[in-house]
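Here the structure is laid out as structure tokens; the discussion comes afterwards.
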Amino acid sequence: MKFEEREFTLKDGRKCILKPTAPEYAAEMIEYLKNTAAETPFLLRNPDEVSFTVEGEKDILGRLYEDPYCIMMMPIVEGKVAGNGSINGIGDKRKIRHRCSLAIALYKEYWGLGIGTAMINYMTELAAQIGWHQVDLEVVAENSQAQALYKKCGFIESGRRHNALRFDDGTYHDEILMYKELEHKV
Ligand SMILES: CC(C)(COP(=O)(O)OP(=O)(O)OC[C@H]1O[C@@H](n2cnc3c(N)ncnc32)[C@H](O)[C@@H]1OP(=O)(O)O)[C@@H](O)C(=O)NCCC(=O)NCCS
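Mapped onto the working numbering, the consecutive letters of the sequence shown carry residue numbers 134 to 319.
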């Protein structure tokens, strides 16, 4: 969806702009998906599972950009893409239509500067405006950095999914389930 750009100052004094992830960023998004998957084991995709073409990715981003129920947010620092975040509905059935799901990942060089906090706060604000009542997410049990971010932004732990992920080294990892209720209720 389209939304207003928002600028804020990072902990190191640089400026960051949060803007919609538009289709012209297709090539940068493919690079981003590959590189972030290689920088952390805590994302769903392995780097070799990123197989989008620029044209294909442009189509996907174009559709998401026009979709009023999909938030795709990109932080830009000194003209460079620092990461991406998204919020999508869980499904169309009436019993689950009040819930959406959040995902976020930044390039490692931008961790710890306050971008995650600013993005989650802005994305959940937009999610409330859209009319969702609750944001859900899953986070790998060992990912303490992300859990600290989510707790700081008001998310509450609600459960644990046993052996949710199997890494290529054969190890299994639980996921922690978290949620945040949104203030604006339709
Ligand atoms: C998780 C992630 C999005 C956090 O974003 P970020 O911009 O680094 O987070 P912030 O700088 O806003 O920090 C938020 C809070 O996280 C905590 N935090 C930050 N760095 C941390 C670290 N190295 N270890 C533990 N907690 C940390 C602090 O509580 C911080 O709050 P504070 O600023 O009041 O001290 C980012 O590290 C990332 O992209 N990681 C890899 C991908 C990933 O794990 N995504 C989540 C999948 S569920």
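All C-beta atoms, glycine included, are put in the ideal place defined by N, C-alpha and C.
In this model, L235 and M311 are separated by some 10 Å (Cα to Cα).
Contact between the stretch 146–166 and the stretch 209–225 is present, with at least three C-beta pairs closer than 8 Å. Following the DSSP letters along the chain, one finds R196 inside the alpha helix (DSSP H) bounded by residues 187–199.
According to DSSP, A236 shares a beta bridge with S219.
Taking all protein chains shown into account, V272 has 16 or more neighbouring C-beta atoms within 10 Å of its C-beta and is therefore buried.
With fewer than three CB-CB distances shorter than 8 Å, the stretch 184–196 does not count as touching the stretch 250–266. Collapsing the DSSP output to three states places N296 in a strand.
Taking 8 Å as the cut-off, the Cβ atoms of Y202 and P153 do not count as close.
The alpha-carbon separation between E290 and I309 amounts to approximately 7 Å. Ligand 1 approaches G247 closely enough that one of its heavy atoms is under 7 Å from the residue's Cβ. Per DSSP, the unbroken alpha helix (DSSP H) holding T250 starts and ends at 248–263. When DSSP states are grouped into helix, strand and coil, M162 belongs to the helix group. Following the DSSP letters along the chain, one finds L151 inside the beta strand (DSSP E) bounded by residues 148–153. Under the three-state reduction of DSSP, R227 is assigned to helix. In this structure E140 is not in contact with Y240, their Cβ atoms being roughly 19 Å apart against a cut-off of 8 Å. Taken through DSSP and simplified to helix, strand or coil, S184 comes out as coil. Here F300 is exposed, its C-beta having fewer than 16 other C-beta atoms within 10 Å. Looking at the DSSP output, R139 shares a beta bridge with L151. In the displayed model, Y243 falls within a helix according to three-state DSSP.
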